[in-house]
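Student: Got a structure for you, questions after.
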Amino acid sequence: MHELSIAESLVQIVREEMDKAGLKKLNAVHLKVGEFTHLVPDALSFCFEIAVQDTPFEGAKLDIELVPTVAYCNKCRQEFHVEGPLFVCPKCLGGDVDVRTGREMSIESIDAD
Amino acid sequence: MKVPVIRNILEANDRIAAENRALLDKDNVFCFNLMSSPGAGKTTLLERTIESLASKINIGVIEGDITSNEDARRIAKKGVKAVQINTDGACHLDGSMIRTAMDQFDLASLDLLIVENVGNLVCPAEFNVGEHMKIMILSVAEGDDKPLKYPVMFRECSALLINKIDLLPYTECSVDKIRKRSLKINPKLTIFEVSARTGEGIEAWTKWLKARVTRRKRHEA
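Those sequence lines, one after another, are chains A and B. At position 88 of the first sequence (counting the first as 1) the number is 108 in the working numbering, and the numbers step up by one without a gap. At position 19 of the second sequence (counting the first as 1) the number is 225 in the working numbering, and the numbers step up by one without a gap.
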């Protein structure tokens, strides 16, 4: 259940950004979460709700954009969507691939007043 | 109003991990983060590893467990300093826990610092602690489908130890399938087949590990 510690890190960053911008009421936080992470969006939303309970951020929502796992085949020099757990180029069936997206865990923006 | 932020959620942990790494590098200590599911044989593997290497290099161990100091006691019996971290329920170690434990070692006197993570194939894969390398164990009793079920862990690790090969006659597990599936997730994985119980295959692993430690001492890696 690592979502709770991730939610706490998230709240910490949001608090810093709110203070910096002089904002008081948090409406939503927009996140990007890669498919190739062990971050479960529903569990993260639930933990976020708990983390902001009885704080000025209570009631704020998480808006999570899932980022597909995309890899780049160094041999075929093209990107492909990784379906399933295997990092194998669908064209040459080789494994010399770099992960381009799918490992994200970032805050993109906050919606606040 | 919408305020752009663009910050990594785990930046606080990553920052502490980077500081840990700098402390290790200052004293040329090689550090690996050992991960597996519960019962795959992490502590037994470390016991064999210490038996083989302790006369040649100075080793320290950080033991992560939800509760109990059983593992640290086992390691200390081998004549190596072990610091126990109890996470009190948390499913993984993070950078700040490792910093606290690192402070209890004289890093300048160490060649190798081993972090034994909490038994779990999921969460520890997401948290850097400052290690140079992530290494995992999969025991044959767990089955050859595990690479397909926990691909993030297999992708993040540099080496895989397939443990308990002495039990192969009693399982349906195929080492060949583990190898093929793991390499399709991460072709750069170095794979060892070992039995920490009988000692089979341990020499190849410790030889490889010692070479990593030596390289770090010479600032080559």
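Glycine included, C-beta positions come from ideal geometry on N, C-alpha and C.
1) Given a cut-off of 8 Å, decide if B:Ala307 and B:Ile268 are closer than it, judged by their beta-carbon atoms.
2) Tell me, which residues are paired with B:Leu395 by DSSP?
3) Report the CB separation of A:Thr89 from A:Val102 in whole angstroms; it is logged as a contact under 8 Å.
4) Pull up the distance between the alpha-carbon of B:Gly270 and that of B:Leu415, whole angstroms please.
5) If contacts are defined as beta-carbon pairs under 8 Å, then B:Lys352 and B:Met241 qualify, I think. What distance do you get, rounded to the angstrom?
6) Is A:Glu159 near A:Ile130, with beta carbons less than 8 Å apart?
7) Residues of chain B with a CB under 9 Å from the CB of A:Ala41: which are they?
8) Across which residues does DSSP place B:Asp271 in a beta bridge pair?
9) What residue range does the beta strand (DSSP E) around A:Cys112 cover?
10) Identify each residue in the region 383-401 of chain B for which the Cβ-Cβ distance to at least one residue of chain A is less than 8 Å, and report them in chain order.
11) Give me the Cα-Cα distance between B:Glu253 and B:Asn292, rounded to the nearest whole angstrom.
12) Helix or strand or just coil, what does DSSP make of B:Met308?
13) Might you give, ordered along the chain, the residues of its own chain that have their beta carbon closer than 7 Å to the beta carbon of B:Thr377, omitting 5 neighbours on each side?
14) Given this structure, state the Cα-to-Cα distance separating A:Ala41 from B:Asn264, to the nearest angstrom.
15) Using a C-beta cutoff of 8 Å, does B:Cys363 count as contacting chain A?
16) Return the CA-CA distance between B:Thr260 and B:Val286, expressed in angstroms with no decimal places.
17) Three-state secondary structure (DSSP) at A:Arg120?
18) Hey, which unbroken runs of the beta strand (DSSP E) at 3 residues or more fall wholly within the region 222-281 of chain B?
19) From A:Leu106 to B:Ser315, what does the alpha carbon distance come to, in whole angstroms?
20) State yes or no: is the beta carbon of B:Arg305 nearer than 8 Å to at least one beta carbon in chain A?
21) For the beta strand (DSSP E) that contains A:Phe100, what are its first and last residues?
22) By Cβ distance, which residues of its chain are closer than 7 Å to B:His298, with the 5 residues on each side in sequence left out?
23) Rounded C-beta distance between A:Asp83 and A:Val49? I'm assuming under 8 Å.
24) By Cβ distance below 7 Å, which residues in the same chain neighbour A:Leu46 in space, the five residues on each side in sequence not counted?
25) Is the Cβ-Cβ distance between A:Glu128 and A:Ala71 less than 8 Å?
26) For chain B, is any of its Cβ atoms less than 8 Å away from the one on A:His58?
27) What are the residues of the region 96-119 of chain A that lie near chain B, defined by any Cβ-Cβ distance shorter than 9 Å?
28) Alpha carbon to alpha carbon, what distance is there between A:Met125 and B:Lys394?
29) Which same chain residues, not among the five before or five after B:Arg418, have their C-beta less than 6 Å away from its C-beta?
30) What residue range is occupied by the uninterrupted alpha helix (DSSP H) comprising A:Ile26?
31) Along the chain, where does the beta strand (DSSP E) containing B:Ser345 start, and where does it finish?
32) DSSP three-state label for B:Arg213, please.
33) Could you have a look at B:Met207 and say whether DSSP puts it in helix, strand or coil?
34) Between the C-alpha atoms of B:Val381 and B:Leu389, what's the straight-line distance to the nearest angstrom?
Tutor: With the given structure in hand:
1) To locate residue 268 of chain B, count along the second sequence from 1; it is residue 62. To locate residue 307 of chain B, count along the second sequence from 1; it is residue 101. Yes. Within cutoff.
2) Residue numbering aside, residue 395 of chain B sits at position 189 when the second sequence is read from its first letter. BP columns for B:Leu395 are empty, so no partner.
3) The sequence position of residue 89 of chain A within the first sequence is 69, counting from 1. The sequence position of residue 102 of chain A within the first sequence is 82, counting from 1. Sure, about 4 Å apart at Cβ, within 8 Å.
4) In the second sequence, counting from the first residue as 1, residue 270 of chain B sits at position 64. In the second sequence, counting from the first residue as 1, residue 415 of chain B sits at position 209. Cα-Cα distance, rounded: 21 Å.
5) One-based indexing of the second sequence puts residue 352 of chain B at position 146. One-based indexing of the second sequence puts residue 241 of chain B at position 35. About 12 Å; that fails the 8 Å criterion.
6) The requested residue 159 of chain A does not occur in the structure, where chain A is confined to residues 21 to 133.
7) The residue given as residue 41 of chain A occupies position 21 in the first sequence. Residues of chain B passing the Cβ test: Met207, Val209.
8) Position 65 of the second sequence, counted from the first residue, corresponds to residue 271 of chain B. According to DSSP, B:Asp271 bridges with B:Asn292.
9) Here residue 112 of chain A corresponds to residue number 92 of the first sequence, with the count starting at 1. Taken as a continuous stretch (DSSP letters only), A:Cys112 belongs to no beta strand (DSSP E), as it is neither H nor E.
10) Arg387, Leu389, Lys390, Ile391, Asn392, Pro393
11) As a first step, residue 253 of chain B is located in the second sequence; it is residue number 47 there, counting from the start. As a first step, residue 292 of chain B is located in the second sequence; it is residue number 86 there, counting from the start. Each residue's Cα considered, the two are about 20 Å apart.
12) Translated into positions along the second sequence, residue 308 of chain B becomes position 102. Under the three-state reduction of DSSP, B:Met308 is assigned to helix.
13) For this step, residue 377 of chain B is matched to residue 171 along the second sequence. Contacts found: Val346, Ala347.
14) As a position in the first sequence, residue 41 of chain A is number 21, starting the count at 1. As a position in the second sequence, residue 264 of chain B is number 58, starting the count at 1. Roughly 50 Å separates the two Cα atoms.
15) The residue labelled residue 363 of chain B in the question sits at position 157 within the second sequence. It does not: the Cβ of B:Cys363 has no partner Cβ on chain A nearer than 8 Å.
16) Indexing the second sequence from 1 puts residue 260 of chain B at position 54. Indexing the second sequence from 1 puts residue 286 of chain B at position 80. Checking the sequence, you will find Ala at residue 260 of chain B rather than Thr. In a straight line, the C-alpha of B:Ala260 is about 8 Å away from that of B:Val286.
17) Within the first sequence, numbered from 1, the residue matching residue 120 of chain A stands at position 100. Correct three-state label for A:Arg120: strand.
18) 236-241, 265-271
19) By 1-based counting over the first sequence, the position of residue 106 of chain A is 86. By 1-based counting over the second sequence, the position of residue 315 of chain B is 109. If you take the alpha carbons of A:Leu106 and B:Ser315, they lie about 42 Å apart.
20) Your numbering for residue 305 of chain B matches position 99 in the second sequence. No, B:Arg305 lies away from the interface with chain A (no Cβ there is under 8 Å from its Cβ).
21) The count along the first sequence starts at 1 and reaches residue 100 of chain A at position 80. Run containing A:Phe100: 98-101, per the beta strand (DSSP E) assignment.
22) Locating residue 298 of chain B in the second sequence gives position 92, where the first residue counts as 1. Once the five neighbours on either side are set aside, the close Cβ partners of B:His298 are Asn323, Val324, Asn326, Cys329, Pro330, Phe333.
23) Numbered from its first residue, the first sequence carries residue 83 of chain A at position 63. Numbered from its first residue, the first sequence carries residue 49 of chain A at position 29. Right, their Cβ atoms sit about 7 Å apart.
24) Sequence index remark: in the first sequence, residue 46 of chain A carries index 26 (1-based). Answer for A:Leu46: Val34, Met38, Phe77, Ala80, Ile130, Ala132, listed in chain order.
25) Counted from its first residue, the first sequence places residue 128 of chain A at position 108. Counted from its first residue, the first sequence places residue 71 of chain A at position 51. No, the pair does not count as a contact, with Cβ atoms beyond the cut-off.
26) Working through the first sequence from its first residue, we reach residue 58 of chain A at position 38. It does: the Cβ of A:His58 has a partner Cβ on chain B nearer than 8 Å.
27) Gly104, Pro105, Leu106, Phe107, Val108, Gly114, Gly115, Asp116, Val117, Val119
28) Here residue 394 of chain B corresponds to residue number 188 of the second sequence, with the count starting at 1. Here residue 125 of chain A corresponds to residue number 105 of the first sequence, with the count starting at 1. If I take the Cα positions, the gap works out to 24 Å.
29) Taking the first residue of the second sequence as position 1, residue 418 of chain B is located at position 212. So the qualifying residues of the chain are Phe236.
30) In the first sequence, residue 26 of chain A corresponds to position 6, counting from 1. Run containing A:Ile26: 23-41, per the alpha helix (DSSP H) assignment.
31) Taking the first residue of the second sequence as 1, we reach residue 345 of chain B at position 139. It spans 339-345 - the beta strand (DSSP E) in which B:Ser345 sits, taken as one unbroken run.
32) Within the second sequence, numbered from 1, the residue matching residue 213 of chain B stands at position 7. Here B:Arg213 sits in strand by DSSP.
33) Your numbering for residue 207 of chain B matches position 1 in the second sequence. Coil, per DSSP.
34) For the purposes of this step, residue 381 of chain B is identified with residue 175 of the second sequence, where counting begins at 1. For the purposes of this step, residue 389 of chain B is identified with residue 183 of the second sequence, where counting begins at 1. One C-alpha to the other measures close to 12 Å.
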